[in-house]
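Numbering (the working numbering), first residue to last: 843 to 1246. Single-structure report; data block below.
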Ligand SMILES: *Cc1c(COP(=O)(O)O)cnc(C)c1O
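Set out below in structure tokens:
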């Protein structure tokens, strides 16, 4: 039985807005793929803070970058630029199609910038009629009012008054419906190049190529939300690089900072000119601390051994899950790419993803869900084989208990 701590989980209910329902444990420290709670219980982390802690907890390159920058300069505002932001922007352009970068503090903010750029570009170039944003059911793009409205779950945007208009939601991987629907009024198509929150759904090659072709045909911009898929998660630095389809605008966050809040919108010079002085901004966007950490993360993650290592680790995860499934049939399939994996529950276990998350927690393993029927794994990209094996042993124990 956990002892009561003065600053413990119970205080959450007293002083925090109840929009979350956190687990009972309160972690206090992390190292690599392991985390310890207030009672010094140790956990293996297969969740990575929802695809954020791409180098695990407290990786020395991140700690050093943060400490070094902490002694130099914390903040300026965008009245001036700063060295870490300039270096990071240059590196992001070197490692992607992009020529220009806008810094924000989160995925939602990066997407907000992407959507505003798309609308402004279409208005400048084609006129105010070209304002339709197309996105997909089950898609997730953040929680600002514009991005949550573009997201594909109405339940998340209902109940807050009038929504931003001219947003259409279609079915992911259904190219013919998109083809029928798109027109010269379409300003942009926003999509995840592998749906994360929506249940770990990969696009078919036909769909992703078809979307690009339809965007070209109708002079619409293609926006890839790579907030979850980006920064090495799928084994490429950005997922689009493994799909052979290049967007016009890309948003990135989560793993970009490895645990320090930062987001960015990447685009071409041709598009970027439409966000002239004064059209958009952020107080903290491009903050030197955030950019110094993200620069260290990008340097590390773009190493070929790290990206290749993701493919190796995907294999280890798939093998571990297959072994558990051979003993205790529970999954229909394991889907996704790299270290963005979803184990979809079979018929008998429908609706029980959260039970597995809680049972795993009891055994000292942190996992995630993606909806009610998918157990999601988004661990550190550099997690050790030994930690994967131990995590799988704990997952097996959790599932064995549920099986009884
Ligand atoms: C997490 C996520 C977001 C939102 O990012 P925040 O940093 O929470 O604003 C947007 N898009 C996708 C695909 C995500 O997974």
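Beta carbons: idealized from backbone N, C-alpha and C, even for Gly. Note that the structure is predicted; figures quoted are calculated from it, not measured.
Check: How about residue 987: is its Cβ closer than 8 Å to a heavy atom in ligand 1?
Finding: Taking the chain shown and counting its residues from 1, one reaches residue 987 at position 145. No.
Notebook entry, point to check: Name the DSSP beta bridge partners of residue 937, please?
Noted result: Residue 937 sits at position 95 when you count from the first residue of the chain shown. DSSP lists no partner for residue 937.
Next item on the list: Would you give the residue range spanned by the alpha helix (DSSP H) that residue 1018 belongs to?
Entry: On the chain shown, position 176 is the one that residue 1018 refers to. Annotation for residue 1018: the continuous alpha helix (DSSP H) segment containing it runs 1017-1023.
Notebook entry, point to check: Can at least three beta-carbon pairs, one atom from the stretch 1139-1154 and one from the stretch 1072-1079, be found at a separation below 8 Å?
Noted result: Touching, per the Cβ criterion.
Notebook entry, point to check: What's the gap between the Cα of residue 1311 and the Cα of residue 897?
Noted result: Since the first and last residues shown for the chain are 843 and 1246, residue 1311 lies out of range.
Notebook entry, point to check: Any idea what DSSP makes of residue 1144, helix, strand or coil?
Noted result: One-based indexing of the chain shown puts residue 1144 at position 302. The three-state reading of DSSP puts residue 1144 in coil, since its state is none of H, G, I, E or B.
Next item on the list: Could you check the C-alpha separation between residue 892 and residue 1208 for me, to the nearest Å?
Entry: On the chain shown, position 50 is the one that residue 892 refers to. On the chain shown, position 366 is the one that residue 1208 refers to. In a straight line, the C-alpha of residue 892 is about 11 Å away from that of residue 1208.
Check: If we ignore side chains and look at the alpha-carbon of each, how far apart do residue 988 and residue 1243 end up?
Finding: Walking along the chain shown from the start, residue 988 turns up at place 146. Walking along the chain shown from the start, residue 1243 turns up at place 401. Approximately 43 Å, taken between the alpha carbons.
Margin query: Helix, strand or coil for residue 1119? Go by DSSP, reduced to three states.
Written below: As a working note, residue 1119 is residue 277 in the chain shown. Reduced to three states, the DSSP call for residue 1119 is coil.
Check: Helix, strand or coil: which one does DSSP assign to residue 1079?
Finding: Taking the first residue of the chain shown as 1, we reach residue 1079 at position 237. In the structure shown, the three-state DSSP call for residue 1079 is coil.
Note to self: Please return the same chain residues whose Cβ sits closer than 8 Å to the Cβ of residue 1241, not counting the five positions on each side in sequence.
What the structure shows: Position 399 of the chain shown holds residue 1241. Around residue 1241: 1166, 1170, 1172, 1198, 1201.
Check: DSSP state of residue 998, grouped into three classes?
Finding: One-based indexing of the chain shown puts residue 998 at position 156. Helix, per DSSP.
Item checked: Nearest-angstrom Cα separation, counted from residue 940 out to residue 929 -> Taking the first residue of the chain shown as position 1, residue 929 is located at position 87. Taking the first residue of the chain shown as position 1, residue 940 is located at position 98. Roughly 14 Å between the two C-alpha positions.
Next item on the list: With DSSP collapsed to three states, give me the class of residue 1154.
Entry: Mapped onto the chain shown, residue 1154 falls at position 312. Residue 1154 carries a helical assignment under DSSP once its states are collapsed to helix, strand and coil.
Notebook entry, point to check: With burial defined as no fewer than 16 other Cβ atoms inside 10 Å of the residue's Cβ, what is the status of residue 861: buried or exposed?
Noted result: To locate residue 861, count along the chain shown from 1; it is residue 19. By the 10 Å Cβ count, residue 861 comes out exposed.
Margin query: Using a Cβ distance threshold of 8 Å, determine whether the stretch 1097-1107 contacts the stretch 1044-1053, with at least three qualifying pairs required.
Written below: The stretch 1097-1107, when compared against the stretch 1044-1053, does not touch it at the 8 Å Cβ threshold.
Margin query: Three Cβ pairs or more, each shorter than 8 Å: is that satisfied between the stretch 959-973 and the stretch 1124-1138?
Written below: Fewer than three pairs of CB atoms, one per stretch, sit closer than 8 Å, so the stretch 959-973 makes no contact with the stretch 1124-1138.
Check: How would you label residue 1086, buried or exposed, when you count the other beta carbons within 10 angstroms and need 16 or more for buried?
Finding: Position 244 of the chain shown, counted from the first residue, corresponds to residue 1086. Per the 10 Å Cβ criterion, exposed.
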